[in-house]
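For reference, the structure is listed below as structure tokens.
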Amino acid sequence: MEKVNIICVDDQREVLDAVLKDLASLSVAFHIEDCESADEALDLIDELDAEGEHVALIISDHVMPEKTGVELLTEVSLDPRFRHTRKILLTGQATHADTIEAINNAAIERYFEKPWKADALLDAAKRLATQYVFDAGLDYRDYQEVLDTQVILDRLK
514 MEKVNIICVD DQREVLDAVL KDLASLSVAF HIEDCESADE ALDLIDELDA
564 EGEHVALIIS DHVMPEKTGV ELLTEVSLDP RFRHTRKILL TGQATHADTI
614 EAINNAAIER YFEKPWKADA LLDAAKRLAT QYVFDAGLDY RDYQEVLDTQ
664 VILDRLK
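In the numbering used here, the protein residues as written are 514 to 670.
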């Protein structure tokens, strides 16, 4: 079974802890990492890639010092090594222009405003991680207990 990671990024520890708690049930199949800045996340994904590990999903806050979540997710989106990596943006302070930029440049798949609903975030993470498993050519059976059943059925048609 290949190691597949979900990376959560937020400069506020209490928010990061809440995201980790919401995603805890996925940890039976995926390794969940947390970072407190965009640069820390970029260093981590480089390290994981160098070790041959997968980055299935990045969930990032938008408003952070030095580099925003949109800038982080845009950088990841432009890197061919992470062409299958899925992206979620969390924010309580994004403008309409920020949202448009996130969709157009960072290719985010989901956007959640703070405070988010835990079950909605978990469902989105499961769905996007399942899509990643198939797009990366991994054996879905290794992760099946936490994957989204509907995505599996759609992909196996």
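Just so it is clear, CB atoms sit at the ideal spot from N, CA and C, and this is done for glycine as well.
Keep in mind it's a predicted model, so treat the numbers as computed, not measured.
Let me know the secondary structure DSSP gives residue i once reduced to three states.
i           : result
residue 574 : strand
residue 600 : strand
residue 626 : strand
residue 631 : helix
residue 652 : coil
residue 667 : helix
residue 551 : helix
residue 564 : coil
residue 671 : With the chain covering only 514 through 670, there is no way to say anything about residue 671.
residue 615 : helix
residue 520 : strand
Would you grab the beta carbon distance between residue i and residue j for me? Rounded to a whole angstrom, and I think it's under 8 Å.
i           : j           : result
residue 669 : residue 536 : Going by Cβ atoms, the distance from residue 669 to residue 536 rounds to 25 Å, so no, they are not a contact pair.
residue 575 : residue 604 : 4 Å
residue 658 : residue 542 : 6 Å
residue 614 : residue 583 : 5 Å
residue 630 : residue 661 : In fact, because the Cβ distance is near 17 Å, the residues do not count as touching under 8 Å.
Under 8 Å Cβ to Cβ from residue i, same chain only, skipping five residues before and after it: list those, please.
i           : result
residue 562 : 568, 594 and 595
residue 533 : 521, 545 and 547
Leaving aside the five residues before and after residue i along the sequence, list all residues of the same chain whose C-beta is less than 6 Å from its C-beta, in chain order.
i           : result
residue 656 : 542 and 646
By Cβ distance below 7 Å, which residues in the same chain neighbour residue i in space, the five residues on each side in sequence not counted?
i           : result
residue 637 : 601 and 623
- Given 8 Å as the limit, is there contact between the segment 548-557 and the segment 577-586, that is, 3 or more CB pairs closer than that? Using a C-beta cut-off of 8 Å, the segment 548-557 makes contact with the segment 577-586, since at least three inter-stretch Cβ pairs fall below that distance.
- Query: Is the segment 583-590 close to the segment 619-632, with three or more CB pairs under 8 Å?
  - Reply: With the cut-off at 8 Å, the segment 583-590 and the segment 619-632 touch.
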